[in-house]
Each structure stands twice: as structure tokens, then as C-alpha cells.
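Numbering (this note's numbering), first residue to last: 21 to 283. Below is one structure; the comments refer to it alone.
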């Protein structure tokens, strides 16, 4: 009887192991499928143009549709690696040196009086959901508006400055704030350590402007090799150089020469 009990226990154990093994591939496949899902945000920036942003806890890829500049980063360090598939250039560096739109922003500020829109401090915020993304909506209030208008009326600000502004950020896609900070620097939006989704403001005379617009947001399968940098690229001296292909660089240089040359 004792031998029979032992044999029975052994059989039951083997059956349990067999059942676990039969379920293991499915469980593994589901886990792999979940880990390969990323959010795809199709975004348009006033300073950077159109971008396809792929983001999850596994990494970040921001791909310029027209500029051909691609930014990739992965945990745990989220080191910024930036390359241009058209110009065949590559740059890597710290976050405080990652401002690809800085040249355009400086030009617009010096020539057109356009403000630095990333420096706005919002007095109000609320929990918000947009396009299936949960996060925070930051916005200005009446007191902020009155102060801006007073500064404009006494000549401190130009008519291009905002009198009201709203900024929505997603906060549940990735817990680590580093990829969100990379995107804030890429699109030059206010620093909230949250993923920038939409940023709009109204100028002093009521003209409405959009700094960042997310056209669509959905979950997709991660593209093959989405976090890889192609080999054989030339090292660039700055991220701004990577942001432009050779024709864009020539155009910017010509435009700056025209501005500097006295008429």
C-alpha cells in the first residue's frame, strides 16, 4: 500500500509538470507579445515637423518623417543616441546638450520676437484623459492672463507672446521620467517630466497657435530593430547638425547669411 501511494504521488507530480510544460509556450508567447507592444504617437511640432514616436518601458524611438532624424534610447540609462539616415550622421550626448530645435528657436526669437515657449510656468493643473492617454492637463488662469496682458501693454512682451496656454502630458505609458524628458527637449515643451501630447496657446491679439499636436495615439507592435543605430555613420559635432540633411543645412546657412548681410 505504501509503494502504491508513492507511485500515485509520483504520477500526479509528473502530470502536473506535464501540464505546466504544455502551458509554458503560450504563457511565454503572451508575455513576449505584451513586451513587444509600444505606443505609437503621430505628432506634429511647430519647431521640429512631423514625428512618429514609439515608446514603452522597453525603449523610445522618435523618427522625423521629413527630417530623417531618429532619436533612440533604452533603459536603464536611457542614453540619447541620435542619427540621420539621409545625412548619415550620428550624435550622442547628455540631455542638457540635446536641443535639436535650438537654432530655429533662437532665429525666431531674434528676428520675429517669438517667445521661448518651454519656459512657461502653469499655475493650474488637473487629471485628464485624451486619445486614450491618461495624464495631466496644465493651464493658465485669469490672473496669469491679466499679468501677461499688462506686460504686453507696457512693451515688455511682443504681440506674439501667449495670454493663455494649455499643455497636456501623458503619465502612465512609462514610469521612468527619462524618456519623457528626452521628448520635452526634442519638442522644446515645458519641463514636467511627462510625455508631451498637446501644447496650444493664444497670442495677445487672440490668434491661436499650436506648438505640439498629437494626431493619433495607439498601441502597435514594436518595429523590427526599432532601437538599433545603423553602422557606418559619421560623428556629428552637435545634435543640430544631425537634425538637418545636407540640403537643409545649406538652406539654413543661406537664410542666416541673408539675415546677417546688411541691405
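Even glycine gets a Cβ: it sits at the ideal position worked out from N, Cα and C.
Exercise. Does the distance from the CB of residue 117 to the CB of residue 233 come in under 9 Å?
Worked result: no
Problem set entry | Residues that DSSP places opposite residue 108 in a beta bridge | Partner(s): none; residue 108 has no beta bridge.
Exercise. Mapping DSSP to helix, strand and coil, what is residue 117?
Worked result: helix
Problem set entry | residue 162 classed as buried or exposed, judged by whether at least 16 other C-beta atoms fall within 10 angstroms | exposed
Problem set entry | Per DSSP, cross-strand counterpart(s) of residue 82 | 73, 91
Exercise. In chain order, what residues of the same chain lie with their CB nearer than 7 Å to the CB of residue 164, ignoring the 5 residues before and after it?
Worked result: 143
For this session: Could you give the DSSP three-state label for residue 165: helix, strand or coil?
Result: helix
Problem set entry | Residue range of the beta strand (DSSP E) that includes residue 6 | For the chain, the structure presents residues 21 to 283; residue 6 sits outside this window and is missing.
For this session: Report the rounded CA-to-CA distance for residue 199 versus residue 77, giving the unit in angstroms.
Result: 9 Å
Exercise. In terms of residue numbering, what span does the beta strand (DSSP E) encompassing residue 146 cover?
Worked result: 144-150
For this session: Return the Cβ separation of residue 225 and residue 179 in integer angstroms, given the expectation that the two are a contact with Cβ distance under 8 Å.
Result: 6 Å
Exercise. Residue 141 to residue 252, Cα distance in whole Å?
Worked result: 43 Å
For this session: Measure the C-alpha to C-alpha separation of residue 202 and residue 79 and round it to an integer number of angstroms.
Result: 12 Å
Exercise. Who are the near neighbours of residue 152 in its chain, counting only those whose CB is closer than 7 Å to its CB and skipping five residues on each side?
Worked result: 237
Problem set entry | Under 9 Å between C-beta atoms of residue 103 and residue 262 | yes
Exercise. Among 214, 159, 61, which one has its Cα closest to the Cα of residue 235?
Worked result: 61
Exercise. Cβ atoms of residue 135 and residue 187: under 9 Å apart, would you say?
Worked result: no
Exercise. If we count the other Cβ atoms within 10 Å of its Cβ and call it buried at 16 or more, is residue 183 buried or exposed?
Worked result: buried
Exercise. Residue 70 and residue 81 look like a contact to me (Cβ under 8 Å); what is the Cβ gap, rounded to whole Å?
Worked result: Actually they do not touch by this definition, with Cβ atoms about 15 Å apart.
Problem set entry | Neighbourhood of residue 220 by C-beta distance below 6 Å, restricted to the same chain and skipping five residues each side | 186, 230
For this session: Indicate the three-state DSSP secondary structure (helix, strand or coil) for residue 218 in the structure shown.
Result: strand
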